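Peer 1: Using this note's numbering, the letters of the sequence shown map in sequence onto residues 85 to 216.
Beta carbons are placed, not taken as given, at the ideal position from N, Cα and C, and that holds for glycine.
Given the structure is predicted, the values throughout are model-derived calculations rather than measurements.
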Amino acid sequence: MSLNTFGHLFRVTTWGESHGPALGATVDGCPPGVPIDEAALQQWLDLRKPGQNKYTTQRREPDAVKILSGVFEGQTTGTPVQLMIENTDQRSKDYSEIAAKFRPGHADITYFQKYGLRDFRGGGRSSARETA
Numbered sequence: 085m086s087l088n089t090f091g092h093l094f095r096v097t098t099w100g101e102s103h104g105p106a107l108g109a110t111v112d113g114c115p116p117g118v119p120i121d122e123a124a125l126q127q128w129l130d131l132r133k134p135g136q137n138k139y140t141t142q143r144r145e146p147d148a149v150k151i152l153s154g155v156f157e158g159q160t161t162g163t164p165v166q167l168m169i170e171n172t173d174q175r176s177k178d179y180s181e182i183a184a185k186f187r188p189g190h191a192d193i194t195y196f197q198k199y200g201l202r203d204f205r206g207g208g209r210s211s212a213r214e215t216a
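So, in structure tokens, the structure goes:
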């Protein structure tokens, strides 16, 4: 099984794929009353947002974080914090020509060797999009 959950006191589970509807994380173990500044989170995401220069992917994603649960009036509630970023500019058809080929230097071949499955549409969980 792949490792999607990290940590002991704060447990972070990531989910979603590059070409799925969204990606995100669940943070479990936050005590109640921890201040969460959604605008500050967004500022950090804006620094890594794709399409900002010619050296990064030209995919245009707003990377707008949505806090789905675990936060009320700017503070954690003690329940898991669920964060989501929607994928709005995925173009899976762009990858149809490489559906039967592995890309040199990309992790899709190791995912295939380890799990026996391959999501050629942008690399799935091995995509740089996962850094959002």
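Taking the beta carbon of Tyr195 as the centre, do at least 16 other beta carbons fall within 10 Å, making it buried, or is it exposed?
Peer 2: When all chains shown are included, Tyr195 counts as buried.
Peer 1: Give me the Cβ distance between Thr89 and Pro164, rounded to the nearest whole Å; I'm assuming they're in contact under 8 Å.
Peer 2: Incorrect: roughly 12 Å between the Cβ atoms, too far for contact.
Peer 1: In the DSSP assignment, find the alpha helix (DSSP H) that holds Leu131 and state where it starts and stops.
Peer 2: Looking at the DSSP string, the run of the alpha helix (DSSP H) that includes Leu131 is Glu122 to Arg132.
Peer 1: Under DSSP, the alpha helix (DSSP H) around Lys198 begins and ends at which residues?
Peer 2: That run of the alpha helix (DSSP H) goes Asp192 to Tyr199.
Peer 1: Return yes when the Cβ of Leu93 is within less than 8 Å of the Cβ of Gly113, no when it is not.
Peer 2: In contact: Gly113 and Leu93 (Cβ atoms closer than 8 Å).
Peer 1: Whole angstroms are fine: how far does the CA of Val155 sit from the CA of Ser102?
Peer 2: The alpha-carbon atoms of Ser102 and Val155 are separated by roughly 26 Å.
Peer 1: With respect to the beta strand (DSSP E) encompassing Arg202, which residues constitute its N-terminal and C-terminal limits?
Peer 2: Segment: none, Arg202 is in no beta strand (DSSP E) and carries neither H nor E.
Peer 1: Closer than 8 Å by C-beta to Met85: which residues in its own chain qualify, once you throw out the five before and the five after it? Chain order, please.
Peer 2: Low confidence applies to Met85: its pLDDT is 46, below 50, so where it sits in the model is not reliable, and the reading given next is rough at best. Taken in chain order, the list of residues that qualify is empty.
Peer 1: Helix or strand or just coil, what does DSSP make of Lys157?
Peer 2: It is Glu, not Lys, that sits at residue 157 in the sequence shown. Here Glu157 sits in coil by DSSP.
Peer 1: Going by DSSP in three states, Glu181 sits in which element: helix, strand or coil?
Peer 2: It is helical.
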